[in-house]
Structure formats: structure tokens, C-alpha cells
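Here the structure comes first, spelled out in C-alpha cells, and everything after it is commentary.
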Amino acid sequence: MSITVMYRRDSRGVLHFREAMYDVDSQEFMLTQGKVGNMGTSSASAGVDEAAAEKRFAAFAAKSAELGYAEIAAEEQFWVVAQYALKSAEGTERDRYLEYKARTALASYFSWRGLGSVEESEFAPGKLNIFTLVPDVPRAVKGMLVVLRDANLDFTKLSIGSAPVADTSSWKRRHPLPAKSPFTLD
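Counting with the UniProt record's numbering, you get residues 1 to 186 for the letters of the sequence shown.
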């Protein structure tokens, strides 16, 4: 699956997104756009081969640039991590199911709203960390709280932290607040 996401700020400082996505298996090309954090509007075209998809990506990039959109470099974005406390040090089969469900729910929710992408997940001793790369921390944290609660995932064991991609030594706890302890990955 190929995805390109571009962003721009309007005159009031509101962040907007445009996303182009191509699924090779289904040969579907989809465009989604809107305000970051809100459900975007989308259009899809079926029966698009790879050569046609490349042309559509080029046209998408040109039109987006014309409208003032640009890709945000990873160094200018932030990590927002959903962290679950686990009962065992290495994680059980139930914890792996939690990882799958949380990653799937976050990926879908974030994509439709331009909030960012789920990049990876890892098991640390007694913890499950799910890393998302986002342009807007407050909106991503709010979205993360909504989707993980709605998906009936163990909300009582959830912590959320964020840090700039360029400085992963400065993690800040975002949930639960007030912070009783610093946010750490291990």
C-alpha cells in the first residue's frame, strides 16, 4: 500500500490534510482531505493499475503543492506512544491480541482524520508500546483516547506520552493527568 499525506495551515492556523492512497491488491486509488482531527471527505476509484496510480500520485502532489500543501519532514513531527501496562514481563497471547486490535483501530482512525500513522509497536518488560508519528500532538492524543476507549481496549492500563522525533530524550506524559510519574518507554 502506498500513501502520501500533505498538510497546510490556513490563515487561522488550522491544520488541514490531503492524503492519497493506493492499494495494489484491490487496485483502488483513494483521496481523503479535511481538517486534521476531523473525519475527512474521500473519493475512490477502482480498477486503477500501478502505472495509472503513479500518474495519479504525481497529479495529486502537483495539485496539493498548488493549493499550498506540503509533506512534513519526519524530524518536524512528534512521536505519540500509547503504552499499556502488562501483567507479565514479556506479554501473553492476550497481550498480542491487544497489540493487534489497538494498532488496527489507531491506524484506521488516524488515517481517516489526517492525524498521522502507526509506525511500530514493541513489547518492553511489562509494557506494550505503540508508536504513532503525528504532526499535531494535542489532536493525536485526543483522537487516541477516543478510539481506544471506543474499541473497548483496557483503558485503565493506558498511558500516553509524546516527544519530538528530533529529541526522543524528552518524553512528556499526556495521559493520565496529572502526571504522578515521568513517561518512560522501558
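Where a beta carbon is used, it is the ideal one built from N, C-alpha and C, also for glycine.
Source: prediction; values computed, not measured.
query	result
Looking only at its chain, what residues have a beta carbon closer than 7 Å to the beta carbon of Val-80, apart from the 5 residues adjacent to it on each side?	Thr-132, Val-134, Val-137, Ala-140, Val-141, Met-144, Ile-160, Ser-162
Could you compute how far the alpha carbon of Arg-12 sits from the alpha carbon of Val-36?	14 Å
Can the beta-carbon of Leu-158 be found less than 8 Å from the beta-carbon of Ala-82?	yes
Alpha carbons only, please: which of Tyr-97, Phe-17, Met-1, Thr-41 is nearest the one belonging to Leu-115?	Phe-17
Can Ala-20 and Thr-41 be called in contact, C-beta distance under 8 Å?	no
For Glu-93, I'd like the list of residues in its chain whose CB is within less than 7 Å of its CB, leaving aside the five on either flank, ordered along the chain.	none
Could you compute how far the alpha carbon of Gln-77 sits from the alpha carbon of Pro-164?	6 Å
Under a Cβ-count criterion, where at least 16 other Cβ atoms within 10 Å of its own Cβ denotes burial, should Tyr-97 be classed as buried or exposed?	exposed
In the DSSP assignment, find the beta strand (DSSP E) that holds Asp-161 and state where it starts and stops.	As written in the sequence, residue 161 is Gly, which differs from the Asp given in the question. First-last of the beta strand (DSSP E) with Gly-161: 158-164.
To the nearest angstrom, how far is it from the Cα of Pro-125 to the Cα of Met-1?	32 Å
Which residue spans inside the segment 38-121 form an unbroken alpha helix (DSSP H) run of at least 4?	50-66, 93-113
Taking the beta carbon of Thr-32 as the centre, do at least 16 other beta carbons fall within 10 Å, making it buried, or is it exposed?	buried
Give the single residue among Lys-63, Ser-26, Ser-108 whose Cα lies nearest to the Cα of Met-39.	Ser-108
From the DSSP secondary-structure annotation, give me the bridge partner or partners of Gln-33.	Arg-18, Thr-41
Step through the CB atoms of chain C and report whether any lies within less than 8 Å of the CB of Gly-68.	In summary, chain C is missing from the structure at hand, where a single protein chain is found.
Please report the straight-line C-alpha distance between Val-14 and Asp-95, rounded to a whole angstrom.	37 Å
Who pairs with Thr-4 in a beta bridge, going by DSSP?	Ala-20
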